[in-house]
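Visitor: Note that my numbering has the sequence shown beginning at 496, numbered continuously upward.
By construction, the Cβ of each residue, glycine as well, lies at the ideal position given by its N, Cα and C atoms.
Below is a structure I'd like to ask you about.
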Amino acid sequence: MGKGFTSYLAMKTDPAGAAASQALIDSDLRELSVAARKLANHAFVLGGGLGFGTSFLKWLAFLAAVYLLILDRTNWKTNMLTGLLVPYIFFTLPHVLFHLIRGEVGKWIALIVVVLRLFFPRHFPDWLELPGAIILLTVVAPGIFADTFRGDLVGIFICLAIGCYLLQEHIKASGGFRNAFRKGNGVSNSIGILLLFIYPVWALVLNFL
């Protein structure tokens, strides 16, 4: 016991022994860090089952984009490139709806939209153009977009870029950040745009944990 205690003291006082101890501590800390990241990741994933996970936020962002699309077709009437909501909805479309539209149901709807647009253009309502574009994009999108980019960092960054563009254009059109939350329907429009950020930001946090 005396020898062991003496060697321990020697190790503590010896520079090489101290370096070895520090290396062991650093190694343990790294392992704890990896374990903590895994635990947080699993907690976030399990949190989705409680209604506060990625699926829930994707639904919320999707509904916000649909809300903004309806506003644009009714009383918003902005000069912003709101057509960008089409790819945003494509990337945030919940799996159930995505697979439904990408199947036979979506193909029939797309066929009807194309026929109406080609042969009955005067009876084709303006408000149907962007929803029709969403259906067509979902049906004809190549596999790399539908199966890879939708659940990948590419799709997340595209959604984030669209949200940033719409937010800065809305603030510019409103005459400043304060006016964006004061003028007329500015509050609801601003909240709708801010909700576009919740899914891509959450997905990025999960990706880098």
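Cα separation between residue 657 and residue 580?
Guide: For residue 657 and residue 580, the distance between alpha carbons rounds to 8 Å.
Visitor: I want to know whether the segment 680-695 touches the segment 554-567 - three or more CB-CB distances under 8 Å.
Guide: Flag = yes, the segment 680-695 and the segment 554-567 touch.
Visitor: Residue 638 to residue 675, Cα distance in whole Å?
Guide: If you take the alpha carbons of residue 638 and residue 675, they lie about 39 Å apart.
Visitor: Which one of 663, 601 and 565 has the shortest CA to CA distance from residue 591?
Guide: Residue 591 has its Cα closest to that of 601, out of 663, 601 and 565.
Visitor: Starting from the C-beta of residue 654, find all residues in its chain whose C-beta is less than 8 Å away, skip the five residues before and the five after it, and write them out in chain order.
Guide: Result list for residue 654: 556, 583, 586, 587, 691, 694 and 695, in chain order.
Visitor: Helix, strand or coil for residue 585, going by three-state DSSP, please let me know.
Guide: Three-state result, residue 585: helix.
Visitor: May I have the straight-line CA-CA distance separating residue 642 from residue 634, to the nearest angstrom?
Guide: In a straight line, the C-alpha of residue 642 is about 12 Å away from that of residue 634.
Visitor: Comparing alpha-carbon positions, which option in 578, 554, 702 and 550 lies nearest residue 647?
Guide: Comparing Cα-Cα distances from residue 647 to each of 578, 554, 702 and 550, the minimum goes to 702.
Visitor: If residue 625 and residue 578 are in contact, beta carbons under 8 Å, what's the gap, nearest whole angstrom?
Guide: Going by Cβ atoms, the distance from residue 625 to residue 578 rounds to 7 Å, so yes, they are a contact pair.
Visitor: Do the CB positions of residue 554 and residue 589 come within less than 8 Å of each other?
Guide: Yes; because the gap between Cβ atoms is below 8 Å, this pair is in contact.
Visitor: Give me the Cα-Cα distance between residue 614 and residue 595, rounded to the nearest whole angstrom.
Guide: Rounded to the nearest angstrom, the two C-alpha atoms are 26 Å apart.
Visitor: Which stretch, first to last residue, makes up the alpha helix (DSSP H) that contains residue 691?
Guide: Here residue 691 belongs to no alpha helix (DSSP H), and DSSP marks it neither H nor E.
Visitor: Starting from the C-beta of residue 651, find all residues in its chain whose C-beta is less than 7 Å away, skip the five residues before and the five after it, and write them out in chain order.
Guide: Only 695, 698 and 699 meet the Cβ criterion.
Visitor: Please confirm whether residue 631 and residue 649 have their CB atoms less than 8 Å apart.
Guide: Cβ distance not < 8 Å, so residue 631 and residue 649 don't count as in contact.
Visitor: Grouping DSSP H, G and I as helix and E and B as strand, with all else coil, what is residue 620?
Guide: Looking at residue 620 - three-state DSSP - the assignment turns out to be coil, as it is neither helix nor strand.
Visitor: If you count every other CB in all the chains shown that lies within 10 Å of the CB of residue 627, and 16 or more means buried, which is it?
Guide: With 16 or more other Cβ atoms within 10 Å, it is buried.
Visitor: Mark residue 617 as exposed unless 16 or more other C-beta atoms lie within 10 angstroms of its C-beta, in which case mark it buried.
Guide: By the 10 Å Cβ count, residue 617 comes out exposed.
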